[in-house]
Each structure stands twice: as structure tokens, then as C-alpha cells.
Amino acid sequence: MANQRRDLEKRPSPDALLEAARRENDHAGRLKIFVGAAPGVGKTYEMLQSAHAKLKAGVDVVVGVVETHGRAETEALLQGLEVLPRKRIVYKDQSIEEMDLDALIARRPKIALVDELAHTNVSGSRHPKRYLDVEELLSRGIDVYTAVNIQHIESLNDVVAQITHVRVRETVPDSVFDRADAIELIDLTPDDLIQRLKEGKVYVPKQAERALEHYFSPGNLTALRELALRRTAERVDEQLLTHMQANAIAGPWAAGERILVCLSEDPRAAGLVRYTKRLADRLHAPWTAISIETRRSLQLTDEQRDRLADTLRLAEALGGEAITIPGVGRRIADDVIHFAQANNVTQIIIGKSTRSWWFETRRGSVVHDLVRRAGNISVNVIAGEELAAEPVPRKTVRTAERTEPFDPKPSLMALLIVAIGLGVGELIQPIFGIENVDLVFLTAVVVVAVRYGLWPSLLASVAASLCYNFFFLPPVYTFTITDPTNIAAFFFFMLIAILVSNVAARVRTQADSAIGRVRTTESLYAFSRKLAGTATLDDVLWATAYQTALMLKVRVVLLLPEDGILTVKAGYPPEDELDKADLAAANWAWGNDRSAGRGSDTLPGAKRLFLPMRTGRGAIGVIGIDDDKTGPLLTPDQRRLLDALMDQGALAIERVLLVEDMDRVKRTAESDRLRSALLTSISHDLKTPLASVLGAASTMRDLASGLTDTEKHDLLATVIDESERLNRFIANLLDMTKLESGAIVPNTARHDVSEIVGSVLRRASKILGHHQVSLELAADLPMLELDAVLFEQVLFNLLDNAAKYAPPDTTISIRSLRDRDWIALQVIDEGDGIPPAELETIFDKFYRAQKGDHVRPGTGLGLAISRGFVEAMHGTISATNRIDRRGAVLTIRLPIPAESEALDTAA
Amino acid sequence: MTAAPIKVLVIDDEPPIRKLLRMGLSTQGYEVLEASNGKIALELLIQNPALIILDLGLPDIQGHELLRMIRGRNDSVPIVVLSSRGDEAGKVQALDLGADDYLTKPFGMDELLARMRAALRHQLQVHGERPVFRSGDLSVDLVRRIVKVGDKDIKLSPKEYELLRVLVQHAGKVLTHRFLLKELWDELTDAQYLRVYVRQLRQKIEADPERPQFVLTETGIGYRLRAADEIAKAALPPEI
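In the order they appear, the protein sequences are chains A and B. Heads up, the first sequence is in the numbering used here, so the first residue is 1 and it goes up one at a time. Heads up, the second sequence is in the numbering used here, so the first residue is 1 and it goes up one at a time.
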């Protein structure tokens, strides 16, 4: 027992093993980052020296891009290395040189040197950022050496900005840093660095000289150096941790910590996210960014919404989970605490409020509420000043979430309703007195608030107050009030009117937002039901495109791979072709299983945003969306809605594709089986009579002298009989082909069944020569709607069949039965009957062929054709066995026409 | 023996079929003219064949078109059409265009000879009217309007008699639904009426109305009254 537990504890963690396996076996290239605390520490120099060492060891090293900034020492190191020519890209009349990614990929060196990891590529490049170029190189199995300064690391961006008062715009996600296989810190003491700066060994752009003087202060450099050392140490820690876990070395690592960061539209929220990322990394804790959607969220400006969306996306980019939940409690804090408890969160991070005392008194302080209710969850309140970096625009109060053209109707209606209130007031004043008139006005205000929202109701409040004063409070028809009691009454009235309109309008907004959510949920539910009901790929694709277009108000195209090429399969509005840029983005999204195109990191010049549609089994297609607006395409809510739609759509598409695959396999198997049955049948049914004919005819020709007249006659009879058999079989084959190609169109009319029976008996007289035929047809059979030629053939096939299986000199009966609205016609024989298991399969094509060759030939198609013909005439055909004795019963059922007109036979 | 042999024009593009017909018909004393396409056939019309056997699938002229052209030049020569199975509409069209009979390929020689005899006799009948028609037990006196089966007088309604009279006048020949309707009512009448009268007629003249011996159904095409010499043949050739 004890041993076992120890074993368990010592077992390597699966995640760690996977990570190790990824690093060791992955065909992806290996990434080495040369990290420095500040420009000028010698990263590029160090990188080039490493490259020379590798070159000496016989490794294929190529310089993709290296910035020497004109430093002689560095430039000298480029000697002896293969330097790839740069690509010239013309942008806004300027010719800019960038790394030639395609050439580098085509060159396929073992190691590529790519300097300045945080570099932003010129517009028109494949990726907007160089680190994305590096990721592509790695994914193609090329090792990369690169260099970066610590201030470019995304999560340190804020800290560096605080230290140096210079915000670096070009950042590299922490994930790039974390995935590096090796990190080399180029360390230089601040004094040495300043010395180098003075010697002019550090490249400084002219325009930044003054800023950099401040930047390179000893204090700043010390702080940056510490940051670089600490971040590298953390990274080393992670490597150590992975190693320990992979080798099942027990060690003290924190467990169970979970961090939740509360986000708002506040511009400092991004700093909060970065702070959380650092904290979570130190604690090795998973973390979640949460945004609570309240009534206030509806009033945010587009700018604020976008910022919140950006912040949530930043959290995702930094490895956190981003969630928006609707606020259901009375206070935001309740929702946060509820979520935290449900998800075992141990720490909550929230920014210190910058709201005024007045605001917090009215609305309550989320921070205070959180601290008060958090229980055993720690609440970290981060000071706003530490985070403030970007200018905070004053928030303006807005009622509409979108800038809609001003609609005067609600205001006019508000005034109209107040006017009606005035009329009613005038009417009731003589009866109930002036005290009750204010209630009439209040009613009017509430009606306006509930129907038209806050602003019209405030307008109504003011209008009602004025009317109340002017028309009712003495002295009437003036705005003056003499009686102090009335003054009080007037002010209370106004107060109540405004309060009531506020409350009513809030109720209305909440109801609206609840309805909106319910509608979204309902639409999603309806969509999933609709998808469940669709069977064809086209329907599913169309439904997905349509629903996405409808719910997100965007244009949608869906692309699926077809013979290895991504092809537009559906669109709403319908779209057949994509331009080159879009197609490139779609293909990139498909090939890399990441988003591409408008608003993304890759090929942002494309018109549409392309996202891969995934299921558990991988990507199955690409969805492309665009709209007429500029700027970000989707809010986080819409993005999440799109994810939900895409998930459902992808699942449905996968389901249909799977079903199609299965069908195809089944069909292939079926048609293989049929083909071999057909071959067996054809070789038997065609060759047997041919052999007889050929044999008999050649005997006649070659051996005529030795044959008696009777023998000659017999041989000729064989030729004729076998030819007729062959003819029947060929006719059957033709009928089957016609049936299968859909060429059988019944030419139906009212027919007398007994007449057709008589006709078929005449036609079948020869094959029925050895049997008695008994007719039991009702005298009053109604005329039936059928195709006489087809019906005759059906009867002929059934009689042919019966004649084959029933022994000679037995009776074959044709009987009619009436069953409510149906007439049944039965062909009954006295043969051995049909094995119960095969009562249904005898109508299958080449049924006989499956049983081998020992039965009489020519029956493989007859019943299948009969079924096809009868069904074409809206009838059914079935087989049973006789109850009274052995023998088969084949029953054709045909509907009696709705109105069998009684013909005037006396005419 | 002194009579000149009857000339039969065989129009078929298949040499084996022509050869077969030439051999088969020669043994019966017919003189066979052969045409492998429509053009030759039209040229051979000058020799005034007594009967034409026409295959509807010809390489140069569409069968029905050729039929129309032949009828344009000679409206009395009997024409027997050869066609494939399942082409009921084509057969009806040929009959409506003036063909006297049709035969479905493949066919037996005895069947063809029977049809030829019926067609030739019918032509003779038109010229020399025979007042009393006999076929087996059935006799129809067209002058006195008396119908008998064996010794028994059969009482027919006026329409039933009209139907029988038309059938008798074209005994042995297939009459399309359309032709019969036109003779008895008008072309637009529903074929159902015809079926009802045929049924009633059979109940009066046939021994077993469910297996008629006189009024035969040509499914999908029309009706035919069995001619006198067909009754004699006990073993009926099957039609497949």
C-alpha cells in the first residue's frame, strides 16, 4: 500500500511529460533568446558569436536579419556568415527593407538568426510582428536565434513604463518567451553600460536622445537589470519545474492557487491584467479575467466597449481565461464572489476605484463590498496610480449603446402623454380636488418611463411639474406658488416624478437586456435544433452562415477543404469567389489553425476576418466575416457568440461529413457486393442459354448427317427456348436499368385488372404450360389507376417466378381481395414457399445470385423490377407463405381511386 | 402455282435479319425485295410490293417518317412494323400513321407469317366484302346484324354491336384505342368507356371472359379480333 502510494507520488506528471516530449520530439525548431536589460548590452554581438561557434561546428547557419546599427565590432562579426538579402517593401512611397521570410523558409537553414524580436513589420508583410515570423520559422522546423530587451516582454511593459517613464509600444507576448528552449541573459553592470553609452558604442536614434538620457540613469538601469535577471530566473525556474515533474522529483511547488482579476472598461484594466499575469506566473496559478455585464455596461461608449474587449483579449493572449458573465445580483461584488467561490478562486485582484465619494455613496463601492464579503478569499486592491499609464478620457453619460440618429418620437409622445394627463387632471379636479391631480401626472410620467426610457421620462417629469404648477397650483396660470404647503407639494412632486422615472426606466433597461439575452439563448437553441434536423451538408452550411450573419449582423462566408483546396461552400449573402488577399488569409487560417485577416495578427490587410472552425477532432473549415463598418469587427460578447455559433456549426458539419463518409463506405461496399452479384448473375444467366444455343446450332451444322429428325427437332427447340430465356433476361436487365435511371414514368389510367390478367395469361401461356392456372377474381373489381404495360410486366414476372419454383402440374392461383381502400392481387403457388428470413430480401436485386448457382436462372431481377414498377404506381408488393399448405403468396396492393366514377354503361 | 409470287419489301438495316427473312419468306413462296435504308426502300416502291415489313430503327430516315412517306405514295399496301419491346407509344404512333400491324423484336417466323397473312387477307377483305364473318364459334352477319356463338343468338346493345362490327371489319389487325374511340364516339372520349364496352362484349361472346379467345387485349396499344385462321392454331405463339 505504502509503496503504491509512493509510486503514485513519484509518478511523473503527464503534463510535464508531454511538455518534455514536445520539446524533444517536436519537429518544430528550437528557439534561443538572447535577453538584455537595455539596449547596448551586446545581445546582437553575443548572438553572432554563438552563430560563429555553431558554424565552426559545421551547423548550417544563416542570418535572416541582424541590425548592427553601424557598430564596427558587430559588423565585423557578420563576416563569414551567410546573410540573406532583405526584401524591399514599398509602403507609402517609402522603400523599407524587411526580412525575407519566404526566402529564409525556402533556404531552410538549420539555424536562422533573427534580431530584434519585438520589431513591428511594415504594413503589407505577412505578419505584423516579427515574433510571428519567428513562430512560423519554428513551426517549419528551423531553429531560431533571436534577441530582445526585457522591456519588450508584454507582462513587464507596465513595470518598465513606471521605472523609465517611457512606454514601449512594441511588445512580445510572454508565451513566446516561455516557449523558448534556451534563454541567455546578456548581463552588463549599469556602470559598464553607461560607460559604453558615453563611448558612443550604443546606438541611439537622434530624436530619442533626450529621452534616452533619462532612460539610461543608473537607477533605471539597476531596476531593469533586476527585472531581466528575475524574469530569466523565473523562466529557469519553470524549466527546472518541468524537469522535476517529468522526472517525478517531489518538490515544493505551490498548488491550488487560483487568481481572478476583475476588469472594467477602465483604461488601467490592461495594467491590472499584466500584473495578474506576473502574479499568476510566480504562483504557478491558473487565472481568470472576469467582466460583469450590468445595466451600466449597456451605457458604455463604443470606445469603452472596445477597450474592455481588448483587455479581455489581452488576458487571453497572456494565457488567462477571459469570461463575461451577466450581473444577476444587486451588487457587482455578489456576482464576483459567487463566481470566485464556484471556481475555487483563492485571490481576487481588483483596481482601486477612482470614483468620487459621491458616486460610491450612491452606487456602493465594489471594492468595499468585495472586501467585506470575500470570506477566506484574499482580495488584492491594486493602486490606480501604479497602473495609470494611458490617458483616461472623461466618461460621458450616454443612454444609447449605439449612436443612433436622434428620434423625436419618444419625446413627442412623452409630451403628448403629459398633455393627456393635463386633460384628465382638468376633468377630475372639480370632483376629487387638486390633491389628486399630481397622481394623474405621476401616472403619466411612469407610463412614459416604462415605454420610452430615461430621457423622455425626465422630460415628462419636467413637463408634468410645469403643468402641475401652471394649471393647478394657485395662483393658476402663473408659475408662481403662493401657498407654502403647495411649494412643498410641488417640490415633492418633482422629486418623486424624477425618482419614479429613474426606477421605471431602469426596470425597462434591465428587462430589455434580459430579453436580449433570452433572445440570444433562444436563437442559439433554435439554431442547434435546426442543425440537428438538417441532413445535407449544404443545408448545414447555409444554416450556419445564415444564423451567424443574422445574429452578428455581418457578412459570412464558409470555406471547406475540397480535394485539399479550401473552397467557398456557402455564404450569406451568397458569395462565390474571394479576392487574393482574402484567400491567402483563409488559407493561412486553415493551415495554421489560427485566426487571420482583418483585425488579426496575420495578413490584417484582408477584407475579412477568418477563423478556423474546430471540433474535438481538429479544424474542419474556415469561417470568414466582414461588415461595412471600420474598426474592430466584434465585441467580446459577439466573439463569444460567434464561438458558440462556430462550435455548433462545426459539430453539425462534422456530423454530416461523418454520416456522408459512412454512407460512402456503405455504398461502396454495397455496390461492390452488387457488382460481384451482377457479374455472377450475368455470367450465369447470359452464358448458360448462349452455351445451349451455340451447342445446339453447331451440333446441327457439323453433325447433321448423324442425327435423326426427332433429335434435330429437339435441338432446334432448345435453340428457340434458350433464346427466349436469354431475351427475357435481357429485357429484365433493360427494365432494371430504366428503373434505376429513373426513366420509368408510369402512364397511368383507369384499367380493368381482369383484362390485364387475361392479357398476361395469354402472353405467359408458354411458361405456364406445365401448370394449371386458377382465376379467383371478384366480379365487381373496381377500375384501378395503373400503367397497363408495367402492371402486365409485374404479373408476368410473378407468374414466371411461380412457374419456376412450383413443381409441374401444381396450381398457380391469381386471386383478388378487397381491403377497405385497397385492392390486393395475389399470385399463389404450391411450391416450397420462401424461407421466413428471406421474405423481404427476395425483392433485392440479384437476390438469387447471392445464393449461388444451383437454383434456376433468371430470377435475380424479376421481383426487384416488380417492386420498382408497383411502387412507381403507388402500390406495394410483399411476399408471405401460405398458411393452409406449403407455397408462396406474392401480394400486390393498389389503392382504389378516390372516386371510382360509375360509368353509365347503359349508354 | 401459275399465280405470280407475292412481292414483300423488307426494310431493315441489319443484314442477318434481312437474310433470315429472305430465307424464311422464300420458303413460303414470297418474293423478297430488300432495302437496307429508307432511300432504297422508297426507290423499290416502284415495284409495287404487296406487303412491306418495316423496321422502325433505320440509319437514314426516321421510321415513322418513312412510314408517312410510304403511305403518301401508296395508301393501301399493308405494312407490318418491327419494333423493340417497351416502345408502346412508338407502336401506337405507327398504327395511327397507317401501319397494319406490329411485331416486337425478337420474333418467331411463324408469328411473322401469321401477321403477314392477316394483313394480306384484310386487304383482300376490303376489296371483296364478305357478309358473314366466322372465327371459331363466333359468327357475325354484318348485313343482317346477327351475332351468334355456336347456335346461340347473342343480343348486343347498339354500341356493343358497333364495337364488334369495327373489330370484325379489321379482323386480325390491331386497332388502337384512339382508332376505336374515333369510330365509336370521338377521339376525345376517355379510353375507360372503351374498356367498359369491351368487358361487356366479352361477357356476352366469350366462353370465359377472363381468358378471352376472340377480343384480344394488346396491352398499352388497343384491341384485336382474332382472325379465323388463328383460332385453328391451338398452340399460341407467346409474345414476350
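Yeah, the Cβ is synthetic: ideal placement off N, Cα and C, and Gly gets one too.
Range covered by the alpha helix (DSSP H) that runs through residue i
i: proline 16 (chain B); result: 15–27
i: glutamine 49 (chain A); result: 43–56
i: lysine 87 (chain A); result: No alpha helix (DSSP H) holds lysine 87 (chain A); the beta strand (DSSP E) holding it covers 87–91.
i: asparagine 48 (chain B); result: Neither: asparagine 48 (chain B) is in no alpha helix (DSSP H) and is coded neither H nor E.
i: serine 723 (chain A); result: 709–740
i: arginine 598 (chain A); result: Note, arginine 598 (chain A): premise wrong, no alpha helix (DSSP H); not H, not E.
Opposing strand residues paired with residue i [DSSP bridges]
i: methionine 613 (chain A); result: A:Gly621
i: tryptophan 287 (chain A); result: A:Ile259
i: valine 424 (chain A); result: Bridge partners of valine 424 (chain A): none, in fact.
i: serine 125 (chain A); result: Paired residue(s): none; serine 125 (chain A) is not in a bridge.
i: valine 381 (chain A); result: A:Ile350
i: glutamine 772 (chain A); result: A:Thr811
i: alanine 570 (chain A); result: A:Leu558
i: arginine 224 (chain B); result: B:Val174, B:Leu216
i: proline 326 (chain A); result: A:Glu293
i: serine 759 (chain A); result: Serine 759 (chain A) is not bridged to any residue.
i: serine 866 (chain A); result: Answer is none; serine 866 (chain A) lacks a bridge partner.
i: valine 63 (chain A); result: A:Val83, A:Leu113
i: valine 10 (chain B); result: B:Glu34, B:Ile53
i: valine 35 (chain A); result: A:Val148, A:Leu185
Boundaries of the beta strand (DSSP E) in which residue i is found, first to last residue
i: arginine 750 (chain A); result: 749–751
i: threonine 536 (chain A); result: First-last for threonine 536 (chain A): undefined, no H or E at that position.
i: proline 895 (chain A); result: 888–895
i: leucine 56 (chain B); result: From DSSP, leucine 56 (chain B) is part of no beta strand (DSSP E); its letter is neither H nor E.
i: arginine 555 (chain A); result: 555–562
i: leucine 777 (chain A); result: Unbroken run through leucine 777 (chain A): none, as it is neither H nor E.
i: isoleucine 111 (chain A); result: 111–114
i: lysine 152 (chain B); result: 152–154
i: alanine 191 (chain B); result: Alanine 191 (chain B) -> not in any beta strand (DSSP E); alpha helix (DSSP H) instead, spanning 191–205.
i: threonine 880 (chain A); result: 876–881
i: asparagine 149 (chain A); result: 143–149
i: lysine 148 (chain B); result: 146–149
Cβ-Cβ separation, residue j to residue i (assumed contact under 8 Å), whole Å
i: alanine 460 (chain A); j: valine 418 (chain A); result: 5 Å
i: isoleucine 11 (chain B); j: isoleucine 52 (chain B); result: 7 Å
i: leucine 558 (chain A); j: tryptophan 590 (chain A); result: About 12 Å separates the two Cβ atoms, so there is no contact after all.
i: arginine 877 (chain A); j: serine 866 (chain A); result: The question names arginine, yet the displayed sequence has isoleucine at residue 877 (chain A). Their Cβ separation, rounded to whole angstroms, is 6 Å, which keeps isoleucine 877 (chain A) and serine 866 (chain A) in contact under 8 Å.
i: asparagine 380 (chain A); j: isoleucine 348 (chain A); result: 7 Å
i: lysine 182 (chain B); j: arginine 224 (chain B); result: About 17 Å separates the two Cβ atoms, so there is no contact after all.
i: arginine 184 (chain A); j: lysine 54 (chain A); result: Reading off the sequence shown, one finds glutamate at residue 184 (chain A), where the question assumed arginine. Not really, about 13 Å apart at Cβ, beyond 8 Å.
i: isoleucine 186 (chain A); j: phenylalanine 216 (chain A); result: So it is not a contact: roughly 16 Å between Cβ atoms.
Any non-hydrogen atom of the ligand ADP closer than 7 Å to residue i Cβ
i: alanine 53 (chain A); result: For the ligand ADP, the structure offers nothing, since it holds no ligand at all.
Taking beta-carbon pairs under 9 Å, can you tell me which members of the stretch 167–189 of chain B lie near chain A? Listed by position, the residues of the stretch 167–189 of chain B near chain A (Cβ gap below 9 Å) amount to none.
message: Extract the residue ranges of the alpha helix (DSSP H) inside the stretch 158–184 of chain A, only unbroken runs of 4 or more that lie entirely within it.
response: Taken in chain order, the unbroken stretches of alpha helix (DSSP H) that lie wholly in the stretch 158–184 of chain A and span 4 residues or more are 174–179.
Return the residues of the stretch 723–750 of chain A that lie within a Cβ-Cβ distance of less than 9 Å from chain B, sorted by chain order. Per Cβ criterion, the list reads Ser723, Glu724, Asn727, Arg728, Ala731, Leu734, Asp735, Lys738, Asn747, Ala749, Arg750.
Got a sec: which bits of the stretch 755–768 of chain A sit with their beta carbon under 9 Å from any beta carbon on chain B, in order along the chain? The residues in question are Glu755, Ile756, Val757, Gly758, Ser759, Val760, Leu761, Arg762, Arg763, Ala764, Ser765, Lys766, Ile767.
Along the stretch 769–780 of chain A, where does the CB come closer than 8 Å to a CB of chain B? Name the residues.
The stretch 769–780 of chain A vs chain B, Cβ under 8 Å: Leu775, Leu777.
**Item:** Positions along the stretch 103–115 of chain B whose CB lies within less than 8 Å of some CB in chain D
**Value:** Given the protein chain composition of this structure (A and B), no chain D is represented.
TODO: Starting from the N-terminal side, write out each stretch of the beta strand (DSSP E) that is 3 residues or longer and does not extend beyond the stretch 420–491 of chain A.
DONE: For the stretch 420–491 of chain A, not a single whole beta strand (DSSP E) run of length 3 or above is found.
Of all the beta strand (DSSP E) runs that stay within the bounds of the stretch 160–185 of chain B, which reach a length of 3 or more residues? Taking 3 residues as the minimum length, the beta strand (DSSP E) runs contained wholly in the stretch 160–185 of chain B are 174–176, in order along the chain.
Exercise for the section: Could you run through the stretch 148–168 of chain B and flag, in chain order, every residue whose CB is less than 9 Å away from some CB of chain A? Expected result: Residues Ser157, Lys159.
Margin query: Short of 8 Å Cβ to Cβ, which residues in the stretch 11–40 of chain B face chain A?
Written below: Within the stretch 11–40 of chain B, no residue places its CB atom closer than 8 Å to a CB of chain A.
> What are the start and end residues of each continuous alpha helix (DSSP H) run of 4 or more residues lying completely inside the stretch 64–98 of chain B, in chain order?
Replying inline: Runs found: 88–96.
Q | Under 9 Å (Cβ pairs) to chain A, residues found in the stretch 52–68 of chain B | A | From the stretch 52–68 of chain B, no residue has a Cβ closer than 9 Å to chain A.
Give the residues from the stretch 128–144 of chain B that approach chain A closer than 9 Å (Cβ to any Cβ), ordered along the chain.
Taking 9 Å as the cut-off between beta carbons, none of the residues of the stretch 128–144 of chain B comes near chain A.
(Q) Along the stretch 866–893 of chain A, where does the CB come closer than 7 Å to a CB of chain B? Name the residues. (A) Of all residues in the stretch 866–893 of chain A, none has a Cβ within less than 7 Å of some Cβ in chain B.
**Request:** Pull out every residue of the stretch 200–211 of chain B whose Cβ sits closer than 7 Å to any Cβ of chain A, in chain order.
**Result:** Of all residues in the stretch 200–211 of chain B, only Gln200, Glu210, Arg211 place a beta-carbon less than 7 Å from a beta-carbon of chain A.
Closer than 7 Å, Cβ to Cβ, to anything on chain B: give me those residues from the stretch 788–812 of chain A, in chain order.
Per Cβ criterion, the list reads Ala788, Val789, Glu792.
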